[in-house]
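Participant:
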Amino acid sequence: MTLVKVPIEPGIDQQDTEYGAEGKWFFGKNVRFRYGLPEKIGGYTTVTTETLIGAARGIVDWFDLRGEQYLATGTNKKLYVYQNNAWYDITPTRATAVGNITGFVTVNNSPTVTVTDATHGAIEGDFVTITSVSGAVNGIPSATLENKQYEIIEVVDTNNYKITATADATSTGASAETATASYEINTNPDTSIGGYGWGAGTWGLSTWNTTRAGIAAPNTVQLDSGKWSLDTWGEDLLACQFNGSLYYWDTSASSTTPVASTIVANAPTQNRFAMVSGTDRHVICFGTQLIGTTTQDDMFIRWSDQEEFDVWTPTATNTSGSQRLTDGSKLITAKRSRGAIMVWTDTALYQMQLIGTPFTFGFSQLGSSCGAIGLHSAVEQNGTAFWMGKDSFFVFDGSVRKIPCSVEDYVFTNIDQASQKDTFACLNSEFNEVTWFYPSNSSSQIDSYVTYNYEEKVWSIGDLSRTSWVDKGVYNFPYALDYDPNSATTPVAPLSPATLISGVTNGRALMYAQENGTDANGAALESELNSGAFVIPQAGENLLSVKRFIPDFKVITGNVNIDLIFRLYPTSSSVTIPHTVTSATTKIDTRARGRQAQISIKTTETGSSWRYGTYRADVQPDGMR
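To get my numbering, take the position in the sequence shown, counting from 1, and add 389.
(1) Give me the Cα-Cα distance between residue 785 and residue 756, rounded to the nearest whole angstrom.
(2) Which partner residues of residue 950 appear in the DSSP bridge assignment?
(3) Excluding the 5 residues preceding and the 5 following residue 770 in the sequence, name in chain order all residues of the same chain whose CB lies nearer than 8 Å to its CB.
(4) Answer yes or no: do residue 895 and residue 869 have a C-beta to C-beta separation smaller than 8 Å?
(5) Classify residue 593 as buried or exposed, calling it buried when 16 or more other Cβ atoms lie within 10 Å of its own Cβ.
(6) Assess contact between the region 494-505 and the region 559-567, defined as three or more Cβ pairs (one per stretch) separated by less than 8 Å. Is contact present?
(7) Let me know if residue 887 comes out buried or exposed under the rule of 16 or more other beta-carbons within 10 Å of its beta-carbon.
(8) Have a look at residue 937 and residue 433 and give me their C-alpha separation to the nearest angstrom.
(9) By DSSP, does residue 475 sit in helix, in strand, or in coil?
(10) Assign residue 444 to one of two classes, buried (16 or more other C-beta atoms within 10 Å of its C-beta) or exposed (fewer than that).
(11) In the DSSP assignment, what residue or residues form a beta bridge with residue 497?
(12) Determine the direct distance from the alpha carbon of residue 638 to that of residue 517, and round the result to whole angstroms.
(13) Apply the 10 Å Cβ neighbour rule to residue 540 and answer buried if 16 or more other Cβ atoms are within range, or exposed otherwise.
(14) So if DSSP puts residue 777 in a beta bridge, which residue, or which two residues, is it bridged to?
(15) Opposite residue 467 in the DSSP bridges: which residues?
(16) Nearest chain B C-beta to residue 912 closer than 8 Å, yes or no?
(17) Between which residues of its own chain and residue 972 is the CB-CB distance below 8 Å, once the five residues before and five after are set aside?
(18) What are the boundary residues of the alpha helix (DSSP H) that residue 799 is part of?
(19) Return the first residue and the last residue of the alpha helix (DSSP H) that residue 626 is part of.
(20) Around the C-beta of residue 992, are 16 or more other C-beta atoms found within 10 angstroms, so that it is buried, or is it exposed?
(21) Measure the beta-carbon distance from residue 721 to residue 760 and round it to whole angstroms, keeping in mind my assumption that it falls under 8 Å.
(22) So what does DSSP say about residue 903, is it helix, strand or coil?
(23) Taking residue 849 as part of the beta strand (DSSP E), name the residues at either end of that continuous run.
(24) Grab me the residues of residue 710's own chain with a C-beta within less than 8 Å of its C-beta, minus the 5 sequence neighbours each way, in chain order.
(25) By the DSSP assignment, the beta strand (DSSP E) with residue 570 in it spans what residues?
(26) Residues in its own chain within less than 8 Å of residue 699 by CB, not counting five upstream and five downstream?
(27) Candidates 968, 574 and 535: which alpha carbon is nearest residue 482's?
(28) Expressed to the nearest angstrom, what Euclidean distance is found between the alpha-carbon atoms of residue 858 and residue 768?
(29) Which residues share a DSSP beta bridge with residue 413?
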């Protein structure tokens, strides 16, 4: 008997066929590669059982001056802060007017109430807090109707919308009662979708207010999901709603009970995204309004005066200013780096660098045909940037290069084209990984990921639903949020005086501590790793008899399932030998014959974890047939 060792290269290779990937791992799920060896990824547990309304797309964490921990995230419906181990709703108010509600309409035995407000400016899904109801509304007591926050379930017209009360009306008809309404900022879809509008195809192609079927890009209309760009201003928070306004949240004013964020005075009100420049402390708005107009230019950049986030008009005595970039049709994202800011358009990469008076910032183009796919699709680590483009992965470490990717076809063939801009990148620095979470073509919501180990330059893939992620640092674990579009779990209660949210549709986010344990929040975190077909050494044209397989696990807890698969030829039928391996397993008797072999490693139970070494087997020649 001869003990044969078969080395398998680290990383997943999906660029070849299963039989062409000899000496490689062909498929993996929830597996990473570290120091050249494959292992199951870490598990996760809930940080809190409180859920958030909407899909979280944007996250930041920080310490205040007292060393207190904070984390903020924005969903397509709300803006939240995690403080003192609890979530708080800090969504800014768009408009408040005393007595602006001039009447209600009800239907007997129904909780649906039509509200009349000629100034509401709301869209379906927005939230409104109703207070100071002047009297009972067709049998619904004022105390029951007021001091609650409602999700608007239907916008009837510019003057009327519908909400769901917590009690049924006792009569049908109009009520002349008045009330005060406070409206939060307009909401957005939970995923990027095809939309409506002028320009989608030729005149008369479809019917009014319907999607334009069969229209190829770029003439299709796309509605972006509700994303946020979040950054810190000292110990405070600056938040920018995608294609919306800039908001400020004061930590010191929220030390006991957090208060809602407020709009930044004088700042542009239409911005694709925003950030703080760094130590020089300029607030920068990207894809923003032209100075002195209400016209938004997707390639226009403006910045505030130094140390003054509410001074935006350039003068001879301040450092505010502007610049328009030219390569591309829209600004996509930006990241701080060493001594500069990297700015991506949909086609190019620029560098934005502080140069002082009179221009404040200078701009230089670093690369073309290398645009980013979405707002959160790029990360920066120690002066190096990684990002996903429309059909490739890129790195900038002094020059722009495509990253050789052994799963490129797998990712870009399977990504959902309509919602691909929801893809986001995150760092897991403990394992030298950057991961992109993306929606597969079987789902408009994020359900898959691809990971690049930038030190070992290997790739892995898996299926995990996460919409935002922040690396460990402020907290002891990476924190990430998932999103369940069908969940109706009771959400976080909003701030006083609104103590109840009524009429909320499905869709909740939940936060997890990643790399914590081995399981998926108490359930099994399944893993799988399959090798390509490899020729058994010494086989040649001869058959070999494989008598024993020697498991080589560096780490193993719980049960690990190993399938050994043998074939005579690539197209011939296979013989599969399943076996359950534990830390006590020393060998697996196979009694198999073949020229080619594969190995499959799987876990399906709680408490299981593993790290695999090298394929070793006892073989002997067994003739030509």
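Cβ atoms here follow ideal geometry from the backbone N, Cα and C, with glycine treated the same way.
Facilitator: Short version:
(1) The residue given as residue 785 occupies position 396 in the sequence shown. The residue given as residue 756 occupies position 367 in the sequence shown. Their Cα atoms are separated by approximately 9 Å.
(2) As a first step, residue 950 must be located in the sequence shown, where it is residue number 561. 969 and 991, per the DSSP bridge assignment.
(3) Indexing the sequence shown from 1 puts residue 770 at position 381. Closer than 8 Å at the Cβ level, and outside the excluded window around residue 770, lie 816, 818, 823 and 843.
(4) What you label residue 895 is simply residue 506 of the sequence shown in a count that begins at 1. What you label residue 869 is simply residue 480 of the sequence shown in a count that begins at 1. Their beta carbons are not under 8 Å apart, which means residue 895 does not touch residue 869 by this criterion.
(5) Reading the sequence shown from its first residue, position 204 is the one you call residue 593. Unreliable positioning characterises residue 593 in this predicted model, as indicated by a pLDDT of 44, which lies under 50. A coordinate reading is not provided.
(6) yes
(7) The count along the sequence shown starts at 1 and reaches residue 887 at position 498. Bear in mind that the predicted position of residue 887 carries a pLDDT of just 45, short of 50, making it too unreliable to give a figure here.
(8) For the purposes of this step, residue 937 is taken as residue 548 along the sequence shown, with counting starting at 1. For the purposes of this step, residue 433 is taken as residue 44 along the sequence shown, with counting starting at 1. The alpha-carbon atoms of residue 937 and residue 433 are separated by roughly 36 Å.
(9) Within the sequence shown, the letter at position 86 stands for residue 475. Strand at residue 475.
(10) Translated into positions along the sequence shown, residue 444 becomes position 55. By the neighbour-count rule (16 or more Cβ atoms within 10 Å), residue 444 is buried.
(11) Residue mapping note: residue 497 aligns to position 108 of the sequence shown, counting from 1. BP columns for residue 497 point to 558.
(12) Residue mapping note: residue 517 aligns to position 128 of the sequence shown, counting from 1. Residue mapping note: residue 638 aligns to position 249 of the sequence shown, counting from 1. C-alpha separation (whole angstroms): 20 Å.
(13) In the sequence shown, the residue the question calls residue 540 occupies position 151. Buried is the call here.
(14) Translated into the one-based positions of the sequence shown, residue 777 becomes position 388. Note: residue 777 sits in a beta bridge opposite 782.
(15) Reading the sequence shown from its first residue, position 78 is the one you call residue 467. BP columns for residue 467 are empty, so no partner.
(16) Included in the structure is just one protein chain, with no chain B present.
(17) Walking along the sequence shown from the start, residue 972 turns up at place 583. Result list for residue 972: 942, 945 and 946, in chain order.
(18) The count along the sequence shown starts at 1 and reaches residue 799 at position 410. That run of the alpha helix (DSSP H) goes 797-803.
(19) If you number the sequence shown from 1, residue 626 lands on position 237. That residue, residue 626, is in no alpha helix (DSSP H); its beta strand (DSSP E) goes 625-630.
(20) If you number the sequence shown from 1, residue 992 lands on position 603. So residue 992 ends up on the buried side.
(21) Here residue 721 refers to the residue found at position 332 when the sequence shown is read from its first residue. Here residue 760 refers to the residue found at position 371 when the sequence shown is read from its first residue. Right, the Cβ-Cβ distance comes to about 6 Å (below 8 Å), so this counts as a contact.
(22) Walking along the sequence shown from the start, residue 903 turns up at place 514. Here residue 903 sits in strand by DSSP.
(23) As a first step, residue 849 must be located in the sequence shown, where it is residue number 460. 847-851 is the extent of the beta strand (DSSP E) around residue 849.
(24) Numbered from its first residue, the sequence shown carries residue 710 at position 321. Excluding residues within five positions, the ones whose Cβ falls inside 8 Å are 691, 692, 703, 748, 749 and 750.
(25) Working through the sequence shown from its first residue, we reach residue 570 at position 181. Segment 568-573, the beta strand (DSSP E) holding residue 570.
(26) Start at 1 with the first residue of the sequence shown, and residue 699 comes out as number 310. Hits under 8 Å: 653, 654, 655, 656 and 693.
(27) Walking along the sequence shown from the start, residue 482 turns up at place 93. It is 574.
(28) Position 469 of the sequence shown holds residue 858. Position 379 of the sequence shown holds residue 768. Going from the Cα of residue 858 to the Cα of residue 768 covers about 11 Å.
(29) For the purposes of this step, residue 413 is taken as residue 24 along the sequence shown, with counting starting at 1. Note: residue 413 sits in a beta bridge opposite 398.
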